[in-house]
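Top line first, the protein sequences correspond to chains A and B. Read in this note's numbering, the first sequence has 587 at position 580, and its numbers run on one by one without any break. Read in this note's numbering, the second sequence has 275 at position 182, and its numbers run on one by one without any break.
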Amino acid sequence: MVEAVWLIPAFPLVGFTLLMVFGRRLGEPIAGWVATLAAAGSFVSTVVVFFGLVALDIEERFHIQTIFTWISSGSFTVDIGLLADPLSITMCLFITGVGTLIHLYSIGYMHGDPNFAKFFVYLNLFIASMLLLVLGDNLLLTFLGWEGVGACSYLLISFWFDQGDEGTANAGAGKKAFVTNRIGDFGFMLATFLIFVELGSINYDDILTRSSELGSQTATLIVVLFLLAATGKSAQLPLFVWLPDAMAGPTPVSALIHAATMVTSGVFLLTRLNPVLAEAESWSLGLIAWVGALTALFAATVAVGQTDIKKVLAYSTVSQLGYLFLAVGVGAYVAAIFHMVTHAFFKALLFLGSGSVIHGLHEEQDMRRMGGLRAFMPVTAFTFIIGWLAIAGVPPFSGFWSKDEILLYAWDSGGVSGPALWAIGLVTALLTAFYMTRQVILTFFGRSRYHDPTKEEIRDAMVDRLEGAKGEVEQALAARAAAEEAAEKATADIDKRQEALDKAQVALLEATEAVEGSSEEDDAKAHQKLVKALDKATKAVPKAETALAKAQDKAGSEAAAIGDAADAVIAAEGRVLSVENEVRAVPRFPRRVTATTEPIELGPLGDHLPERWHHRQDTTPHESPATMTVPLMILALAATVAGGLNLPFTKDLHFLEHWLEPSLFGHEAKLSAGAGTKWALAIIAIAVGAIAIFAAFRVYLRGRVDPNRIELDGMVNAWWVDASYADFMGGPGRRMFDLAAWFDRTIIDGAVRGVATVSAATGSVLRALQPGFVRSYALGVGVGSILVMAWFVGRVF
Amino acid sequence: MLALQLAVDAGPPSTFSVLPALIAVPVLTAVLLALLPADREAEIKLTALVGTVITGALSFYVLWQFDAADGGLQFVSRATWIESLGLSWFLAVDGISLFLVVLTGLLFPIAILTTEPHHDPKPYYLWLTLLMAGSMGAFLALDLLLFFLFFEVVLVPMYFLIGGWGHGNKVYAAMKFFLYTMAASALMLVGIVSLVFLASGDTGGPTFDVTILAENHELSRLASFLVFGSFALAFAVKVPVFPVHTWLPDAHTEAPTAGSVILAGVMLKLGTYGLLRFGLYLFPDVTRDLAPLFLTLGVIGIVYGAAVATMQTDLKRLVAYSSVAHMGFIVLGIFALNSQGLQGGIIQMVNHGVSTGALFILVGWVYERRHTREIAALGGLQKAAPVMAAVFTLVMLSSIGLPGLNGFVGEFLVLLGAFSSARWWAVIATTGVILAALYLLWAYQRVFHGPADGENAEMADLRPTELLGIMPLLVLIVFMGVYPKPVLDRIEPAVDVLIAHIEERVDDFEEDEPAPTERPGVPGLVATAEAAHEGEEGEESADDAESGSEEEG
C-alpha cells in the first residue's frame, strides 16, 4: 500500500492542472469543489500509505519510490523520488487533512470573489508543493517544494493586489515574504552544496545513514546554514518580519500556509536531518534552541499589543514556532512534531475562526470594533473558545500536552541553559494564555462595539460639524458686509436728498424773487407763469423735506442693521469656538480597549456622523455558512482530542514517539527527569496558565486595570524591529543600490564614452564614427561572406 | 527549399548535410526577400516566417538525429577551402553547440511571429534572416577563420536593426554596440592569425581547424596568454563581462523587440560559447590560470548586474541588466572547470535565451500597448491583462530561478560546480539569488500590482495569436525545469570529452610548473566530489589536496 505514495502529490497536481486549464469555465463553486476533492483524494491516499507503513516492520518503514531522474550531471544525480517514512507521512496527514478542511472553508470564504477559480489553482499548487517538500527523497526536491510553497505564498499574499492603497500594501507584503525567504534559501543552497561536496550525494538515504562522515565541524556549518533557511521559512528571529505582513492574504491562506503547514517546514527540515544535527557541535543545537526560545518570548510580547485579530494570531504563530525550534534544539523531536500537529489544528481553527468573524463583520479586522460576537455567531465563538483553551495550555485540550512536553524537555536538557530555556518557555506560556484570553474577550465578550462610530467616522463628523460652524461665520460675515453696503448706500441717499432739498429751496427763493420782481401789469401772461412756478417750487420743498427725512430714517435703520450683523458675526465666531471646544472635548479614540470600554460620548456631534455609519447601523454581524462552520467544528474536535496522540502517563500511550522512532535514528533526547519533576512542571504550567487567564479577565473583562499599562508601545510596534529593517532598506540599503547604478552610469560607461570622445578628438576614430564606415564594413563583410557561400555551394554540391 | 533539396541530395542519409542548410536556408530566404517588392508586406512576413520556421525545423531535425551518447562532433560538413592557407569549410555540432543551434532555430521564428517592425518590413526581415544565418554559422563553424567571419557578420544586421527599427537614442546605441564589439574583436583576428602561424610547426602546416589546433599546438606560455587574451577580450565584450558591459543596456533598450530577443537569446551566447570553444578548448592551461580572474568578473557580474538592475526606471533596461547577472552565472560555471559547472553553464545559456527572450517579448508587448517602458508610468496592469500577467509571472519565476522551472537547473549546477572548485566565489554568487528575486518582484509589483488608472486600466490583454507565439517558450520553461535530463544527457558526453581534453593538456603543462599558489580562499581548479569524499579531511585541506589533482568523475 505504500506504493500509493505517488498519489499523494499527484491528486493536487492534477487538480492544479485541471483548474488552470478549465478553472475559469468551471467557475464558482465547482472549481472550489474540484480543488477540495483533489485535496481530499490526497488525504485518502495518505491514509492508505499510513496504514501501509503501519503494516510494515519498523525497520522497513522507509520506502523510497523513484519516479524519474530529475537532474544528472557528472557524479551529481537527483531524482524526482518520494520518501515515505513515519515523519513524512505524519506531515502529509495533517497537511492534507487540514488542507482539505481549509479548501472546503474557502468555498464559503471566497464566495463572490472575481478570481474565485484562480484562488483554488494556487491552493492546489500549494498543497502539491508542500507535499513534495515533505515527501522528497532528496534535499533538492525538498528545495523545490520549499520554493514552490514560497511562490504560492507570494501569489496568495498578493492575491488582492488591486484594492487601492491596500492593494499596493498587499503586493508589497507578498514581495517581502518572497525576498526575506530568499535570504534563508541562501543558507539552504549553501548547505546543500556542502553536503554534496562532502558526501557526494544529497539523497536523504545517504545523508541520514552516512552523516558520521561529515565530521563535526562540517556538520555544524551545515546545521547553521539550514537554521538560517529555517528562520526564513518558519519566521524566526531575525527573519520573522514577513509573516505578520503576510496576513494581507485571504484568511484561509493565513490558516493553511502561514500557520498550519508552510511555516513548519523549517522545523520539518531540521527534524528530517536529525542525524546531521547529532553530528554537529552542541553549540549549534543550543543556537537553535535559543533562537526558538527568544523568538517565542519576543513574539508573545508583541501579540499582547496587537489590535488586528489576525496580527495577534500571526505573532502567536511566530511564537509557537519558536517552541518548535526550542524543542528541536534540545533534541525533543517528537515533542516538536507533536506540538506541530496540535498547533496545526488549533491555529488553523483560530485563523479560520477569525476569518469567520471578519467575514461576518463585513471585512472588519480590528478587535476594538468587535466585542459580544458570541451572540451573533455562536458556532464560531464556541469553536474559537476551544482553540483558545487548546493554545492557552488548559488541560485536557491538545495544546497543553504538547507544550508541556517541550517545556519538560527544555528543563531536562540540563546545565544552566536548560532551566533558562524552560523559564523563557514558561513566561511565553503565560503571555500566550494572556493574549489569547484578551483576544477571546475583546472579540466575543462584553458589549458589541461593532455599531460604535469608528475613529474615521468620528473624524468625519468633527470635520462636518466644524465646517458647518465655520460656514455660519462666513454667512454672518457676508450679512454684515451686505448691511454695511446698504448703510453706505443710505448715507449716500441722504446726501442726494439734502442736495435735492437745497435745490428746491433755492428754486423757491428764485421763484419768489422772480414773482416779486415782476408785475402783472407788464405782462400778465408771464406773471401768471411765474406765479405758477412759485406755486410748484413751494410744493417741492416739503416733498424734498419728507424724502430727506425718510432717507435719514433709512440710514438710521441700516446703521442698526450693521450692529445686528456684527453681533451675528461675533455670535457665529463664538459658536465656532464652542464647536472647537466641543470637538476637543470628545475623548480621544482609545488605542487600547477592554470589554468595558464605553462608546465615545459624541453629544451634538452624533448628528454629523457620515452616511457609512448610518449604513452600518442597518447591518448586523452574522454567522458564516456551513461550508465554513463545518471545518471549524471538525478542527475544534481535533484540537480537543489531539493530545491523545502522545499522552505522557505511561510508555504505552506514547503513540507518536513509537511511530516516529524509525525517522529519528535514536537521536531523540532521553528524559532523565523523574515522575515527581514531571508532575511539578505540569502543575506549575497549569498554575501559570490559570494566573494569566485570571489576569486577562481582570484587565479585559472587568476593566480593573488600564490596558495602557499593559500594552506597551514597544509591544504595539513589535519592538521596532521591522521598522528598523525598513529604515535600513529605504535608507543606506537603497543608497547602496543607487551608488551601484550611479557608478555604472558615470564611471564605467563614462570611461567608455570618454575613450570614444578622446579618440574622436584625436581624429583617429573620427571617420569610424560616421555611419558610412559601418556601411562599407558591412558591404565588405557581406560581399565576402556571400562569395564564400557561393564558392562553397559551387564546390560542395 | 532549394537548399533543403540540395542538402538532402548531398549525400547518403548518414552524412546528410543538414548543417550547411541551417545557414543556407536563411540566406536564401534573405535573397528571396530581396527579390520581393517592398509593398507586398504580408508576403514578406510570410516568407521570412516560413524561411525561419524551416531553419528551425531543420535544427530540431539535428536534435532528433543527434546521437546522445556521442561526445564528439556530429553531422560534420567539411571541405577544403584554401588549402595552402589551411582554411577549410568545417561545420559540426556537439553537445556544447547543439542546444544553441536549436535555440537559434527556435527564437527567430518566435521573434518574427510575436513582433512587428511597424515600417519597412522588407529590409527588417532581410536583416533578421541574415542574422539567423550568421548566428547559425558562428555556432557551427569549427574553422577559426570561418567562425570569425560569422562572428563578425552578425554585427551588421544587428547594427541596422537597432539603428533602423529601434527606439529613442537608437543611432547612438547602434553605433556604440557596433564599435564596442568590433573594436574588441579586431584583436581577435590578430590572435587567430598568430595562433595559426605559431602553431603551424606543431600542426604540420598552417591550419585553422580548431580540433587540430587544440590537440597539437605547443605555444609558449607567453604566446598562449597573448592569443587567449585577444580571444577572451572579444568574447568578454560579447557576453558581456563586467566592466565591458555598458554597450548592452543601451543596445537592448533601444533595439526593437525582435532585436532584443535575438541579442539576449542568441548573440550574447556567442561570447560564452566562444570562451568555451575557443578559449577553454584551445588554451586549457591559460584558462585554468586565469580562472580566478574570470570567476571574480563573473561573480561581480552577478551581484553588480543585479544591484544595478534594481534601480532601473525603464523596464526594458532592467531586463537588460538582469542579463548581465545571468551571464555572470554562465561565466562562473565555465570557469568552475568541472562537470557540473560546465554543464550548468551550457544549459544556463539555453535557459537564459528562453527566459530572457520571453521577458523581452513581454516588455515589447507592454510597450506596444502603452507606448512607454517607464516603470513609474505603469501600474496595476494585472487587472486589465490577467493573462499577460500570468505569463509574465511564470517567466519571471523562471528568471528568478524557481526550482521546477528551467532557470533553476543551470543556476543550481553552476553554483554546485563552482562550490566544489571555487567555494568563496560560489558563496558570493549565491547572494545573487536573493537579489534576482528583489529586482524582478519589485518591478512586477510596480508594473502589474496596485490600482490601475488611465491607460493602464484599459490595456488590452494578450491576443490568442500572441499567446500561441510565446507558448513554445512557456512549455520549455516548464519542461526544462521538470525534466532537463534529455538536455543534460546530450550535453554531458561533450563536456566529458572537453574535461578529458583539459586533463590531457594541462597535465603535460603542469609537469613544468609548480602547483598553483595556495592563497587562502583560492582553492584549486578541478575539484570533484569523488576527490572530496575520497580524502575525508576537513574542507580546507580537502581543497588543497584537490588543487593538484585534475580528476573528474
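The C-beta atom is built at its ideal place from N, Cα and C for all residues, glycine as well.
Residue i burial status per 10 Å Cβ neighbour count (16 or more: buried)
i	result
L128(B)	exposed
H621(A)	exposed
G457(B)	buried
L20(A)	buried
D187(B)	buried
G261(B)	exposed
H464(B)	exposed
M443(A)	buried
V283(B)	exposed
R583(B)	buried
G22(A)	buried
M564(B)	exposed
Residues near residue i in its chain [Cβ-Cβ closer than 6 Å; skip 5 each side]
i	result
E504(B)	F422, G494
V85(A)	W77, I78, N145, L147
V805(A)	The structure shown does not extend to residue 805(A), since chain A is modelled only from 8 to 804, so the question has no answer here.
E35(A)	F123
Beta strand (DSSP E) segment containing residue i, residue limits
i	result
H70(A)	70-80
F371(B)	Careful: F371(B) lies outside any beta strand (DSSP E) and carries neither H nor E.
V386(A)	Element bounds for V386(A): not the beta strand (DSSP E) but the alpha helix (DSSP H), 385-398.
D86(A)	83-91
Same chain, Cβ closer than 7 Å to residue i, five either side skipped, listed in chain order
i	result
A702(A)	F441
E603(B)	Low per-residue confidence applies at E603(B): pLDDT is 39, beneath 50, and the placement is therefore not dependable, though the value from the model is reported in the following sentence. None.
S679(A)	D419
S136(A)	G152, G155, V156, C159
Range of the contiguous alpha helix (DSSP H) that encloses residue i
i	result
F301(B)	Taken as a continuous stretch (DSSP letters only), F301(B) belongs to no alpha helix (DSSP H), as it is neither H nor E.
L506(B)	499-514
I189(B)	188-207
Q535(A)	531-592
W620(A)	618-624
V21(A)	14-33
S170(B)	That residue, S170(B), is in no alpha helix (DSSP H); its beta strand (DSSP E) goes 167-175.
H345(B)	340-347
Proximity of residue i and residue j at Cβ, strictly below 7 Å
i	j	result
S448(B)	S415(B)	no
L221(A)	E173(A)	no
L515(A)	V538(A)	no
S323(B)	L363(B)	no
G696(A)	G400(A)	yes
G59(A)	M8(A)	yes
I595(B)	P377(B)	yes
L858(A)	I96(A)	Since the first residue of chain A shown is 8 and the last is 804, residue 858(A) is not available in this structure.
I569(A)	A489(A)	no
A649(A)	I393(A)	no
F241(B)	L193(B)	no
Neighbourhood of residue i by C-beta, 8 Å cutoff - its chain only, sequence neighbours within 5 removed
i	result
F203(A)	F83, I209
I365(A)	T258, I316, K317, E371, Q372
Distance cut-off 6 Å: residue i Cβ against heavy atoms of the ligand PLP
i	result
A687(A)	Here there are no bound small molecules, and the ligand PLP is not part of this structure.
Interface partners of residue i on chain D, CB under 7 Å
i	result
L151(A)	In the displayed structure, chain D is absent; the protein chains listed are A and B.
Practice prompt. Within the region 655-712 of chain A, note down every full alpha helix (DSSP H) run reaching 4 residues or more, in order along the chain.
Written response: Fully enclosed alpha helix (DSSP H) runs of 4 or longer: 662-671, 682-703.
Discussion item. Report the start-end ranges of each alpha helix (DSSP H) in the region 222-295 of chain B that is 4 residues or longer and not cut off at the edges.
Written reply: If only uninterrupted alpha helix (DSSP H) runs of at least 4 residues are considered, those enclosed by the region 222-295 of chain B are 237-246, 248-258.
Item to complete: Kindly provide the ranges of any alpha helix (DSSP H) runs that are 4 or more residues long and lie completely inside the region 440-495 of chain B, ordered along the chain.
Response: Whole alpha helix (DSSP H) segments, 4+ residues: 474-477, 479-493.
Discussion item. My parser needs the alpha helix (DSSP H) runs of 4 or more residues fully inside the region 129-204 of chain A; what are they?
Written reply: Those alpha helix (DSSP H) runs which fall completely within the region 129-204 of chain A and span 4+ residues are 146-164.
Item to complete: For the region 556-592 of chain B, list the alpha helix (DSSP H) runs that are entirely contained and at least 4 residues long, ordered along the chain.
Response: The region 556-592 of chain B contains these whole alpha helix (DSSP H) runs: 557-575.
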